[in-house]
Amino acid sequence: MGIRILLVEDQKLMRIGIKSLFDDYKEMEIIAEAQNGAEAIEKSKLLKPDIVLMDIGLPDMTGIEATKKILELNIPNLKVIMLTSHISEQEIFDSLSAGAFGYIMKDINTEFLMTIIKTIKNGAMWIDSHVVPYIKDKNCGVIPPRQLSRAGFRETHANLTQREYEVLKLVVDGQTNSEIAKTLTISEHTAKAHVCNIIQKLVVDDRTQAAVKALKEGLV
Numbered sequence: 376m377g378i379r380i381l382l383v384e385d386q387k388l389m390r391i392g393i394k395s396l397f398d399d400y401k402e403m404e405i406i407a408e409a410q411n412g413a414e415a416i417e418k419s420k421l422l423k424p425d426i427v428l429m430d431i432g433l434p435d436m437t438g439i440e441a442t443k444k445i446l447e448l449n450i451p452n453l454k455v456i457m458l459t460s461h462i463s464e465q466e467i468f469d470s471l472s473a474g475a476f477g478y479i480m481k482d483i484n485t486e487f488l489m490t491i492i493k494t495i496k497n498g499a500m501w502i503d504s505h506v507v508p509y510i511k512d513k514n515c516g517v518i519p520p521r522q523l524s525r526a527g528f529r530e531t532h533a534n535l536t537q538r539e540y541e542v543l544k545l546v547v548d549g550q551t552n553s554e555i556a557k558t559l560t561i562s563e564h565t566a567k568a569h570v571c572n573i574i575q576k577l578v579v580d581d582r583t584q585a586a587v588k589a590l591k592e593g594l595v
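Residue 595, in our numbering, is where the sequence shown stops; the numbers in between run on with no holes.
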């Protein structure tokens with residue numbers, strides 16, 4: 376069975392546009408649409424989708440409020456992804472605090488969006504790279520840490536080296552490979568190799584997910 380998606384978006388043209396993105400991805404299906412929060416809650420209760428793609432700016436309540444109410448239904452395996460053009464720090468924190476598993480900007484590449492949906496369906500969390508700087512210094516429990524010790528983290532994640540820990544911290548700080556190379560006085564090629572190793576060891580798809588996972592695990 377494919378991934379069943381409820382699309383929540385108040386603008387009709389935007390709903391049509393987003394829905395059309397899924398035409399070439401038969402393993403996913405928009406099973407219903409909602410144009411406001413109340414409709415989203417009712418259709419979530421009735422249809423029990425796998426994924427709710429949630430806009431923040433809804434006419435009757437915010438997408439954040441709708442997310443809270445949907446998750447209070449305790450529908451097994453349902454996950455909410457915020458798909459928005461908003462990048463307010465407060466909305467980011469409120470969305471993650473409400474229980475959203477993803478925060479994605481609407482200008483995202485279509486193929487990447489599909490990959491993220493699959494990743495979140497399987498239990499991962501994904502945050503747009505534009506959003507990471509807003510949360511890295513003020514996590515405050517928004518991404519709940521597992522409180523693992525460094526030894527426990529290493530045992531769980533295939534023994535990152537000390538240098539890889541240093542690189543990972545700089546990745547979380549938002550540094551590029553070039554900036555990491557300058558900070559650690561290594562070549563850019565070496566910095567890139569370390570980042571690739573980290574991504575592989577943490578079993579994530581990119582540096583942004585590595586940063587989010589490090590924050591979630593309480594490592595940095």
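Every residue, glycine too, gets a C-beta built ideally from N, C-alpha and C. The model shown is predicted, which means the values in this text are computed figures rather than measured ones.
Asked                                                                                                                                        : Found
State buried or exposed for Q584, treating a residue as buried only when at least 16 other CB atoms are found within 10 Å of its CB.         : buried
Going straight from the alpha carbon of R521 to that of K454, what length do you get?                                                        : Here the model assigns R521 a pLDDT of 41, short of 50, so the residue's position is not dependable and the matter cannot be decided.
Mind checking whether I393 and K496 have CB atoms under 8 Å apart?                                                                           : no
If we ignore side chains and look at the alpha-carbon of each, how far apart do D398 and S562 end up?                                        : 44 Å
Along the chain, where does the alpha helix (DSSP H) containing Y540 start, and where does it finish?                                        : Q537 to V547
Determine the direct distance from the alpha carbon of G412 to that of L446, and round the result to whole angstroms.                        : 13 Å
Which of the three DSSP states, helix, strand or coil, is assigned to M429?                                                                  : strand
Ignoring anything shorter than 3 residues or poking outside the stretch 414 to 463, list the beta strand (DSSP E) runs there in chain order. : 426 to 429 and 454 to 459
DSSP three-state call for G377: helix, strand or coil?                                                                                       : coil
In whole angstroms, give me the CA-to-CA distance for I483 and T560.                                                                         : 34 Å
Quick check: the stretch 414 to 422 against the stretch 463 to 473, are there 3 or more CB pairs under 8 Å?                                  : no
Does DSSP put A350 in a helix, in a strand, or in coil?                                                                                      : Because the chain spans 376 through 595 in this model, residue 350 falls outside it and cannot be assessed.
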